[in-house]
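A.B. asks: Mapped onto mature numbering (1 follows the signal peptide of the UniProt record, and there is no 0), the consecutive letters of the sequence shown carry residue numbers -34 to -1, 1 to 276.
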Amino acid sequence: MTSSPLDPKPRLRFGLACAALTGCLLLAGLPARAQDADPVLAKVNGQEIRQSDVAIAEEELGPSLAQMDPATKTDNVLSFLIDLKIVAKAAEDKKIADREDFKAKLAFARNRLLMDNLLAVEGKAATTDAAMKKVYDDAAKQITGETEVRARHILVETEDEAKAIEDELKKGADFAELAKKKSKDPGASDGGDLGFFTKDQMVPEFSSVAFALEPGKISDPVKSQFGWHIIKVEEKRNRKAPDFAQVKAQIETYVTRKAQADYVTKLRETAKIERLDKPAEAAKADPAKPAEVAKPEAAKPDAAKTPAKK
């Protein structure tokens, strides 16, 4: 038999074959690394349950495992997978898989899993450093230079209560201490401190007074939908965007969700969609759309401390 000029010489092939056989014999006495990395944790009627199966189940079960320590979590998930194998086999024996309702649910689950995996891939591909930095820079331009105020307030039910507190403050009472004792606001324990806020983050009655006051000054009683306020402005400044590192996770979520929504919209444009549940004109005017993606906010004051917010 004539050898092709592209084939190794027969003698060389024989030598390589011997080397491969020797390697296999040597490796036969050693544990397989791939299997060691994914060990078998249990067997059910001969079917293996591996560490990777536990990981998949943990991801699926999610919040229900959050309060468990690692050892308890693994033990519970493994018990669940054992039961899953046993019951699934019983369901097969009873021909559950042949039922039409099961086939429909299986098709839905398959489509959902395909969708989730593809959108995860698209979202991950979109979250480049450049894309996230652009979102940050665009948001920072809108924030920088806007005036914000840091203020305290005391919130009470009636005007008479507010006027009594105003009199105490004029006599030299400490604002923060009075807030702790008499304010009904959830932030009273912090001396009524609302932190920094912009004008549009508060109801108009509150904002107009707070932004007109100079730092250190205390307002007359101010009425809003929440009650009566006495306001003290602590500080005013031009708002600054937080550092990129502080909001990176939030921006990453935004970029991911926007990329996914855009991808679904693009697919819809090339798909033939027929809505049979409504007249053609109505369906055309009001097509189903993917869920909107909320815009990220670069910085947001603590809502728990701002009862006067809109």
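Beta carbons are placed, not taken as given, at the ideal position from N, Cα and C, and that holds for glycine.
What's the gap between the Cα of Ile52 and the Cα of Thr164?
C.D. replies: As a first step, residue 52 is located in the sequence shown; it is residue number 86 there, counting from the start. As a first step, residue 164 is located in the sequence shown; it is residue number 198 there, counting from the start. Computed Cα separation, rounded: 59 Å.
A.B. asks: Can you tell me which of the three DSSP states Arg205 falls into?
C.D. replies: Along the sequence shown, one-based indexing puts residue 205 at 239. Residue state, collapsed to three classes: coil.
A.B. asks: Can the beta-carbon of Ile22 be found less than 8 Å from the beta-carbon of Leu44?
C.D. replies: Here residue 22 corresponds to residue number 56 of the sequence shown, with the count starting at 1. Here residue 44 corresponds to residue number 78 of the sequence shown, with the count starting at 1. Against a cut-off of 8 Å, the Cβ pair of Leu44 and Ile22 comes out as no contact.
A.B. asks: According to DSSP, simplified to helix, strand and coil, what is Gly28?
C.D. replies: Within the sequence shown, the letter at position 62 stands for residue 28. Helix.
A.B. asks: Which parts of the region 158 to 211 are runs of the beta strand (DSSP E), unbroken and 3 residues or longer, counting only runs that do not cross its ends?
C.D. replies: Whole beta strand (DSSP E) segments, 3+ residues: 159 to 164, 188 to 190, 193 to 204.
A.B. asks: Please tell me whether Thr222 and Ala92 are closer than 8 Å, where the distance is taken between their beta carbons.
C.D. replies: The residue you call residue 222 lines up with position 256 of the sequence shown. The residue you call residue 92 lines up with position 126 of the sequence shown. Taking 8 Å as the Cβ cut-off, Thr222 and Ala92 qualify as a contacting pair.
A.B. asks: Pull up the distance between the alpha-carbon of Asn42 and that of Ala8, whole angstroms please.
C.D. replies: Within the sequence shown, the letter at position 76 stands for residue 42. Within the sequence shown, the letter at position 42 stands for residue 8. Approximately 13 Å between the Cα atoms of the pair.
A.B. asks: Go ahead and pull the three-state DSSP assignment for Thr38.
C.D. replies: As a working mapping, residue 38 is identified with position 72 in the sequence shown. Helix, per DSSP.
A.B. asks: Taking its Cβ as the centre, do 16 or more other Cβ atoms sit within 10 Å of Asp166, making it buried, or is it exposed?
C.D. replies: Here residue 166 refers to the residue found at position 200 when the sequence shown is read from its first residue. With fewer than 16 other Cβ atoms within 10 Å, it is exposed.
A.B. asks: Select from Ser185, Glu114, Tyr220, Phe74 the residue whose C-alpha is nearest the C-alpha of Phe162.
C.D. replies: By one-based count along the sequence shown, residue 162 stands at place 196. Phe162 has its Cα closest to that of Glu114, out of Ser185, Glu114, Tyr220, Phe74.
A.B. asks: Which term fits Ser173, buried or exposed, when burial requires 16 or more other beta carbons within 10 angstroms of its beta carbon?
C.D. replies: Residue numbering aside, residue 173 sits at position 207 when the sequence shown is read from its first letter. Per the 10 Å Cβ criterion, buried.
A.B. asks: Got a sec, what are the start and stop residues for the beta strand (DSSP E) Lys150 sits in?
C.D. replies: Residue mapping note: residue 150 aligns to position 184 of the sequence shown, counting from 1. Counting along the chain, Lys150 falls outside any beta strand (DSSP E), and DSSP gives it neither H nor E.
A.B. asks: My assumption, with CB atoms under 8 Å, is that residue 341 sits in contact with Asp4. Please give the rounded CB distance.
C.D. replies: Because the chain here runs from -34 to 276, residue 341 falls outside it and cannot be looked at.
A.B. asks: Any idea what DSSP makes of Leu242, helix, strand or coil?
C.D. replies: Indexing the sequence shown from 1 puts residue 242 at position 276. Note: Leu242 maps to coil in three-state DSSP.
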